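Chemist: Protein chains in written order, with my numbering: chain R, 604 to 802; chain A, 604 to 802; chain V, 604 to 802; chain W, 604 to 802.
From the three backbone atoms N, C-alpha and C, an ideal C-beta is built for every residue, glycine too.
Values in this document were obtained by computation on a predicted structure and should not be read as measured data.
Before I ask anything, here is the structure I am working with.
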DNA sequence: GATGAATGAGCCTTCATTCAT
DNA sequence: AATGAATGAAGGCTCATTCAT
């Protein structure tokens, strides 16, 4: 009658540690024992809460994606105008990055690895995420706000890639020396400019 | 003094094999022996031509980047107008992807990994590449073709991210079902639309 | 002083579960948690009743051996003739196997493992068991029923090995397709034939 | 063009070391690194020659079994009389044990473990071995030398078990204090006595 | 006593790299 | 230069055991 009574806060602590460690060293060069140490638990405890190292990364992704999706849906639900919606979406995106850059790095840097992840592991949450953008674009086209020749399938990916990379370079702090606010405004203006119907 | 008598064609064969293998399985999950097998050489031969596994990936990147940069410079040298230059740049970009998707995948998927590469290893070629875009943008702003409030540092990265992701999803063939031609046109139109001065 | 309030029926349940699990998967490839699950108790409970995993196997053996020995002694006590005694012994042996094949498999398969058990752990019960056979043989020789040149030390082991293996192959059900009844009769006839004095 | 050029003598050395180590400590409590050390090679070398630890045990068994089978066939080929054949078989058996007790212990003690081995892994060599005995019995029955009511399927297993256990206890040196010569003679006499037709 | 989450020692296995041929 | 057998460091994962509840 084994009743699983795992502590959600310990699971969360491990995920949080994993974010930190993976962001610092990358998934493959990170050791499970590094995550354990960061989380202040024994190595074996990781395996009480996660199936294996891969599962740690996937869980990380899925867990947070659910929150993110909810975040976006809540924030956008009250807005009717597609233009305003997209503007708001972009604002929220960069705001989230600002608040949790480590996590963002794990998402962006690590989940790009095809094998085992975005390739094999088919990711519904990621598709849902893309479709938030897609839905806004669709609506905008229907409402006659965005260009009628927009290929939404292409555009949603383009927008994702654009903001993702701008955020990523900001996090890495490498070449790009700009504030996220500035970036958000620039990206927002250009994209909205680029897709709206010109008068 | 050790006189090296290395055969450039063998080096090239190994790099070509590395592209294939890394694209298929990812850098970390690929084995040096996989690359050797694909190249038709012995494991040890890899180490005659490259210092280690990391060097293989970096060499891959640098070698090809030099070609790519030359490609762009040649193609853009005859064009004076910034708008046409950017249009041409985007066209060439997607054309390259179409011709060598495997290589593109290695670039895009694997070089995103921070550790040891884009983070520690400071990549001048990548910066040069970004600056091709940057230079076009600068010129366009100076020529009064692109919006004067463009933050070129943000925009060049945004454009890179946009086209990179569109190409990447096309390669992965996952959600995105579109032709590269269609994508090129869509991306081109939106970006140019977005950054040019509205009349 | 710690006053133990252990429930004998729980201890028995654990041992019974251990028999099942060890027989199914072997001692080393079985997990303590498998035994716990099979017994319907928590992992930790095993350690309330047994010192460790090894102790579980040894207890299993010793507990059951006491029963088995008593069984044999009861059954043989009324028989005077050595020939009849041995005949009866063999009959009872196969009958026990038939009634509890799982346990038999644990005995036969697992206790063969030298390390920690039959080698280090000196097993008086096993010796007592062998000596039931040995005593019958001794008596038979003294009574002039069995060959006077019998080396009882060898013969008791030979008989043990013979019946053990016949039973074991029957349990495994591998190559051997025979009924235990048939086997018992064959073995009995051959052994008795082989050791009795020829007229 | 990777040409496997593994050295058979190194493979043999590893197997020999494995015999020693497994006999000493048992398969499960032995470490691969113990075998490597005993063989004087690096841990990794084991995996050049064998797939994994299990494969080491199975290879051990199969390799030696082939030799043993050949040994028996050669030795028995010149003998026509079934009685003499069986007598010779038993003599050779104990002689082999005497010459290589360690190997015998691995066979007898370790291969009894059901899981992964005699159970899952279906073993043709073992069956061939049993059938050497079986064939002699068959012939003896047909030639009117052995009892016509012999169930060969039971008897071959009984004989195997008998000699196996006698040898095993001799190796363990536990309770049984007898010479192998004495044992061979005792077992041989009893079995032959037991199965031949009484006049 | 019973529980099961937590522990961490230990081991198999992988694979980048070396080096004798 | 080319080879590939050999190496051994390193790490993911298991699971017997403990102990706070």
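Whole angstroms are fine: how far does the CA of residue 669(V) sit from the CA of residue 728(V)?
Modeler: Computed Cα separation, rounded: 7 Å.
Chemist: Do you know how far the Cα of residue 797(R) is from the Cα of residue 795(A)?
Modeler: Roughly 7 Å separates the two Cα atoms.
Chemist: Nearest to residue 700(V) by CA position, among 773(V), 624(V) and 617(V), is which residue?
Modeler: Checking every option, the nearest Cα to that of residue 700(V) belongs to 773(V).
Chemist: I need the DSSP call for residue 692(W), collapsed to helix, strand or coil.
Modeler: Helix, per DSSP.
Chemist: Residues in its own chain within less than 6 Å of residue 689(W) by CB, not counting five upstream and five downstream?
Modeler: Within the same chain, residue 689(W) has close Cβ partners 739.
Chemist: Using the three-state DSSP reduction, which class does residue 653(A) fall into: helix, strand or coil?
Modeler: In this structure, residue 653(A) counts as coil in the three-state DSSP scheme.
Chemist: Going by DSSP in three states, residue 630(W) sits in which element: helix, strand or coil?
Modeler: Coil at residue 630(W), not helix or strand.
Chemist: Answer with yes or no whether the minimum CB distance from residue 743(W) to chain V is below 8 Å.
Modeler: It does not; no Cβ of chain V falls within 8 Å.
Chemist: Can you name the residues of chain W whose CB is closer than 8 Å to the CB of residue 768(V)?
Modeler: Near residue 768(V) (Cβ distances below 8 Å), the residues of chain W are 760, 761, 763, 764, 765, 767 and 768.
Chemist: Inspect the beta-carbon positions of residue 649(R) and residue 659(R) and report whether they are closer than 8 Å.
Modeler: Yes.
Chemist: Identify, in the order they occur along the chain, each residue of the same chain with its Cβ nearer than 6 Å to the Cβ of residue 800(V), setting aside the five sequence neighbours on each side.
Modeler: Answer for residue 800(V): 750, listed in chain order.
Chemist: Establish whether the CB of residue 786(W) and some CB of chain V are separated by less than 8 Å.
Modeler: With 8 Å as the cut-off, residue 786(W) counts as an interface residue toward chain V.
Chemist: Using a Cβ-Cβ cut-off of 8 Å, state whether residue 732(V) counts as contacting chain W.
Modeler: So, not an interface residue.
Chemist: Going along chain V in order, which residues have a C-beta closer than 7 Å to the C-beta of residue 619(W)?
Modeler: Per Cβ cutoff of 7 Å: no residues; residue 619(W) is ~19 Å from chain V at best.
Chemist: Based on the DSSP output, what are the partners of residue 749(W) in its beta bridges?
Modeler: Its beta-bridge partners are 799(W).
Chemist: May I have the straight-line CA-CA distance separating residue 737(V) from residue 756(V), to the nearest angstrom?
Modeler: The straight-line gap from Cα to Cα measures roughly 7 Å.
Chemist: Please determine, among 695(V), 771(V), 760(V) and 759(V), the residue with the shortest C-alpha to C-alpha distance to residue 760(W).
Modeler: Minimum Cα distance to residue 760(W) is reached at 771(V).
Chemist: Using a 10 Å radius around the Cβ and a threshold of 16 neighbouring Cβ atoms, would you call residue 610(V) buried or exposed?
Modeler: Exposed, since its Cβ has fewer than 16 Cβ neighbours within 10 Å.
Chemist: Is the Cβ of residue 622(W) closer than 8 Å to any Cβ of chain V?
Modeler: Not one chain V Cβ lies under 8 Å of residue 622(W).
Chemist: Just curious, the alpha helix (DSSP H) that residue 772(R) is in, first and last residue?
Modeler: Counting along the chain, the alpha helix (DSSP H) containing residue 772(R) begins and ends at 755 to 775.
Chemist: Identify the contact partners of residue 772(A) in chain R, using a Cβ-Cβ distance below 7 Å as the criterion.
Modeler: Those within 7 Å of residue 772(A) in chain R are 760.
Chemist: If contact means a Cβ-Cβ distance below 8 Å, which residues of the region 684 to 700 of chain R contact chain A?
Modeler: Those would be none; no residue qualifies.
Chemist: Determine, using beta carbons only, whether residue 711(A) and residue 767(A) come nearer to each other than 8 Å.
Modeler: Yes. Within cutoff.
Chemist: Quick check: the Cα distance between residue 790(V) and residue 661(V), rounded to an integer number of angstroms?
Modeler: Their backbone Cα atoms lie some 29 Å apart in a straight line.
Chemist: Please report how far the alpha carbon of residue 706(W) lies from the alpha carbon of residue 785(W), in whole angstroms.
Modeler: Going by the C-alpha atoms only, they are around 21 Å apart.
Chemist: Excluding the five sequence neighbours on either side, which residues of its own chain have a C-beta within less than 8 Å of the C-beta of residue 674(A), listed in chain order?
Modeler: The answer, listed in chain order, is 695 and 699.
Chemist: Anything in the region 648 to 676 of chain V with a Cβ closer than 8 Å to a Cβ of chain W? List those residues in chain order, please.
Modeler: Listed by position, the residues of the region 648 to 676 of chain V near chain W (Cβ gap below 8 Å) amount to none.
Chemist: Given that a residue counts as buried once 16 or more other Cβ atoms are within 10 Å of its Cβ, and exposed if not, what is residue 654(R)?
Modeler: Exposed, by the Cβ-count rule.
Chemist: Would residue 709(W) and residue 663(W) qualify as a contact pair, given that the criterion is a beta-carbon distance under 8 Å?
Modeler: Yes, these two residues count as a Cβ contact at 8 Å.
Chemist: May I ask whether a heavy atom of the ligand SAM can be found less than 7 Å away from the beta carbon of residue 679(R)?
Modeler: Among the components modelled here there is no ligand, and therefore nothing to report on the ligand SAM.
Chemist: Quick one: give me the first and last residue of the alpha helix (DSSP H) that residue 640(R) is part of.
Modeler: Looking at the DSSP string, the run of the alpha helix (DSSP H) that includes residue 640(R) is 635 to 642.
Chemist: If you run the structure through DSSP and keep just helix, strand and coil, what is residue 794(V)?
Modeler: Correct three-state label for residue 794(V): helix.
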